[in-house]
Amino acid sequence: MKTLLYVDCCIRGRQSRTRRLAEYFLEKVPPQWKVQILELEAEGLHCLSGAFFQQREELLRMDERNHPRFRYAWQFAEADMVVFAAPLWDLSFPALLKIYIENISVKGITFETNAQGCYGICRARHMAFLTTRGGFYEGTPMEMGSRYLEAMAKFFGIPSYTCIAAEGLDMPTTDVEQSIMDACQRIEAWTAEAFYMA
């Protein structure tokens, strides 16, 4: 059975418009896939600083990669597909998601190095980012969340990356429901292909 890791960073909870996209996506997951849901707000994640950072460095120096604090990295590395859900936040995404990425970026688990530099060793072939934006940012220098995650997909060795966004949701001329439904249609088209190819 293949595993889908769904990483939820919809910090508005039940009021989140991004979560509406994610819930639509989850309904499309084939029954033969095992879904692991990780709600970041419930995880009590810590950024890499102070004693927490020093512990990590010591564990890596001792090659103790099976320590419980690396469980997020192992979960990510072993997933067959990864889907993030987070809103546009200060031109990127909530800081909580960056903290999660810091915690999964572990040499020997999600990436390795050689004379040429870093290369990813994750199992997933597909990574997707579901997001909502109050304005229209697609294809502009102001949108940095998707570009960052696309770069991280390459860093982790995941060859296929897709971003599906509902945009302009806070603009007075936008039909919000239509924008969300358009994004859901793109999700449906993407899942039909991604799960077939995975």
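Each residue of the sequence shown is one higher than the last, beginning at 12 in our numbering. Built from N, CA and C at the ideal position, the CB exists for glycine as well.
Residue i and residue j closer than 8 Å at C-beta
i, j, result
"Leu16", "Phe87", "yes"
"Tyr35", "Cys174", "no"
"Ile115", "Ala162", "no"
"Ile191", "Lys39", "no"
"Val117", "Phe147", "no"
"Glu204", "Ala176", "no"
"Thr14", "Gln66", "no"
"Leu160", "Phe95", "yes"
"Leu49", "Val18", "yes"
"Arg158", "Gly119", "no"
Same chain only: Cβ atoms within 6 Å of residue i, ignoring 5 sequence neighbours per side
i, result
"Phe167", "Thr121, Gly131, Cys133"
"Met138", "Val93, Ala164, Ile169, Tyr172"
"Cys20", "Leu51, Ala97, Pro105, Leu107, Leu108"
"Arg30", "Cys21"
"Ser27", "Cys21"
"Leu32", "Leu141, Ala194"
8 Å CB neighbourhood of residue i in its chain, flanking five on each side removed
i, result
"Met12", "Gln43, Trp44, Lys45"
"Gly156", "Ala97, Leu99, Trp100, Leu102, Ser103, Phe104, Phe140, Thr142"
"Met182", "Gly145, Gly146, Phe147"
"Arg72", "none"
"Ala223", "In this structure the chain extends from 12 to 209, so residue 223 is not present and cannot be described."
"Asp193", "Ala177"
Unbroken beta strand (DSSP E) run spanning residue i, endpoints
i, result
"Leu56", "From DSSP, Leu56 is part of no beta strand (DSSP E); its letter is neither H nor E."
"Thr29", "It is not in any beta strand (DSSP E) - Thr29 instead sits in the alpha helix (DSSP H) that spans 28 to 38."
"Thr14", "13 to 19"
"Ile198", "Careful: Ile198 lies outside any beta strand (DSSP E), inside the alpha helix (DSSP H) at 187 to 208."
"Leu49", "44 to 50"
Residue range of the unbroken alpha helix (DSSP H) whose run includes residue i
i, result
"Ile22", "Unbroken run through Ile22: none, as it is neither H nor E."
Cβ-based neighbour list, residue i, same chain, cut-off 7 Å, excluding 5 preceding and 5 following
i, result
"Glu123", "Tyr130, Ile132"
Can you find at least 3 beta carbon pairs, one from the stretch 43 to 63 and one from the stretch 104 to 121, that sit closer than 8 Å?
yes
Scan the stretch 59 to 127 and note each continuous alpha helix (DSSP H) run of 4 residues or more that stays entirely inside, going in chain order.
61 to 72, 82 to 89, 106 to 115
Taking the runs of the alpha helix (DSSP H) that are 4 residues or longer, which of them lie wholly in the stretch 144 to 176?
156 to 166
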